[in-house]
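The block underneath contains the structure these notes are about, expressed in structure tokens.
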Amino acid sequence: MGSFSGQEKEVVILQFILENATEKTPLIFDQTSNHTFLTTTSLSDVAGTNINFIDGCVNFSTEIKYIKVGKIPKHFALYQNFPNPFNPKTEIRFKLPRSSNIVINIYNVLGEAICTLVNAQYEQGHHKVVWNGKNKFGNDVTSGIYLYKLEAGDFSRTKKMYLIII
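For the sequence shown, this note's numbering assigns the number 1207 to the initial residue and increments by one for each residue that follows.
This is the structure we're talking about:
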């Protein structure tokens, strides 16, 4: 299965499956002014409007699905939490230009880790997570200034947030 994407452009992901493939056969997507079409090398006997090749057993479904992906980020970013100040929870947004293992930790002003909010693999794109104002033991933290830090490979950013409990 394969897919195509572009940087900072709206794209459609085209997926295909090569059934019973015994050799590598290039599939080339050519685009002209009003349409996109598929050409290949070494496949013959094209049949049907759903692009069904007999030699090489390349079959495309008659059901075409379009998925709007949106803009793919060019670089990493960590945004200011919202709302800020917050009570009892806040949203932290970030963007990834490529699939990455990320860690988001919450710290108090002394630099002590309060909790690990995220430690997982995320796909490229725009993401958000919510912190509920609780520490790693599930207890509510007190009013004050907290820091949140996103780490993804060589990228690292820290921002400040305010929890106000009334």
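Every residue, glycine too, gets a C-beta built ideally from N, C-alpha and C. No experiment lies behind these values; they were computed from the predicted model shown.
*asked:* Between N1338, W1337, H1332, V1315, which has its C-alpha nearest F1282's C-alpha?
replied: Here residue 1282 refers to the residue found at position 76 of the sequence shown. The option with the nearest alpha carbon to F1282 is H1332.
*For H1281, does the three-state DSSP call read helix, strand or coil?*
In the sequence shown, the residue the question calls residue 1281 occupies position 75. In the structure shown, H1281 sits in coil (DSSP, three-state: anything other than H, G, I, E or B).
*Tell me whether N1287 is buried or exposed, calling it buried when 16 or more other Cβ atoms sit within 10 Å of its Cβ.*
In the sequence shown, counting from the first residue as 1, residue 1287 sits at position 81. Counting Cβ neighbours within 10 Å, N1287 comes out buried, since at least 16 surround it.
*Please state if the CB of T1322 and the CB of K1342 are separated by a distance shorter than 9 Å.*
To locate residue 1342, count along the sequence shown from 1; it is residue 136. To locate residue 1322, count along the sequence shown from 1; it is residue 116. In contact: K1342 and T1322 (Cβ atoms closer than 9 Å).
*State yes or no: is the beta carbon of V1336 nearer than 9 Å to at least one beta carbon in chain B?*
Given the protein chain composition of this structure (a single chain), no chain B is represented.
*To which residues does DSSP link L1369 through a beta bridge?*
To locate residue 1369, count along the sequence shown from 1; it is residue 163. Paired residue(s): F1292, G1350.
_Separation of K1277 from I1371, as counted between CA atoms_ = Here residue 1371 refers to the residue found at position 165 when the sequence shown is read from its first residue. Here residue 1277 refers to the residue found at position 71 when the sequence shown is read from its first residue. So the two alpha carbons sit approximately 37 Å from each other.
_Cβ pair V1324, V1347 closer than 9 Å_ = Within the sequence shown, the letter at position 118 stands for residue 1324. Within the sequence shown, the letter at position 141 stands for residue 1347. Contact flag unset, no.
*Does the beta-carbon distance from L1159 to I1312 come in below 9 Å?*
Residue 1159 is absent from the model: the chain starts at 1207 and stops at 1372.
*asked:* Between T1296, G1339, A1319, G1359, which has its C-alpha nearest N1326's C-alpha?
replied: Position 120 of the sequence shown, counting from 1, holds the residue named residue 1326. The sequence shown places Ala at residue 1326, not Asn. Checking every option, the nearest Cα to that of A1326 belongs to G1359.
_With a threshold of 7 Å on Cβ separation, who are the neighbours of Q1298 within its own chain once the five nearest residues in sequence on each side are excluded?_
Reading the sequence shown from its first residue, position 92 is the one you call residue 1298. The sequence as given places Ile at residue 1298; Gln does not occur at that position. For I1298, the CB contacts under 7 Å within the same chain, skipping 5 residues up- and downstream, are N1287, I1310, K1334, V1335, W1337, Y1354 in chain order.
*By Cβ distance, which residues of its chain are closer than 8 Å to S1305, with the 5 residues on each side in sequence left out?*
Locating residue 1305 in the sequence shown gives position 99, where the first residue counts as 1. Around S1305: Q1327, Y1328, E1329, Q1330.
*Which term fits I1320, buried or exposed, when burial requires 16 or more other beta carbons within 10 angstroms of its beta carbon?*
Taking the first residue of the sequence shown as 1, we reach residue 1320 at position 114. I1320 should be labelled buried.
*Which residue comes first and which comes last in the beta strand (DSSP E) that contains L1323?*
The residue given as residue 1323 occupies position 117 in the sequence shown. Note, L1323: beta strand (DSSP E), 1319-1328.
*Between which two residues does the beta strand (DSSP E) harbouring N1185 extend?*
In this structure the chain extends from 1207 to 1372, so residue 1185 is not present and cannot be described.
*asked:* Considering Cα atoms alone, identify which of T1296, S1362, F1292, F1300 is closest to P1279.
replied: Counted from its first residue, the sequence shown places residue 1279 at position 73. The option with the nearest alpha carbon to P1279 is F1300.
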